[in-house]
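Put into structure tokens, the structure is as follows:
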């Protein structure tokens, strides 16, 4: 199993953006990353290579990195799909 790390700035951003109901749903989605972070998410390409994403509620993207040696998943950001440019 992987350890999930949510840095303090990301935690603050989550509490600003979501109410308690949405935070519970997000927690369930993140919980899946403990078992297989590379199965439940998809890797980004180009300048964002090394960062993975998983969708949440169809409009939010949870961005994270995976450290396979230490078995750690670190959340980097939660962005609305409109905030992500292609």
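Residue numbers (the working numbering): 7 to 92. Using N, Cα and C, we set each Cβ at its ideal position, and we do this for glycine too.
Each of 63, 82, 75, 87 was checked against the Cα of residue 34, and the nearest Cα belongs to 63. Measuring C-alpha to C-alpha distances from residue 7 to each of 13, 38, 17 identifies 38 as the nearest. Take residue 85, set aside five residues on each side of it, and the residues of its chain with a beta-carbon closer than 8 Å to its own are 66, 67, 69, in chain order. Unbroken alpha helix (DSSP H) runs of no fewer than 4 residues, entirely contained in the region 24 to 55, are found at 26 to 37, 43 to 46, following chain order. Judged by their CB atoms, residue 60 and residue 71 are not nearer to each other than the 9 Å cut-off.
Residue 52 counts as exposed, since fewer than 16 other beta carbons sit within 10 angstroms of its beta carbon. Under the DSSP assignment, residue 85 falls in the beta strand (DSSP E) whose first and last residues are 78 to 86.
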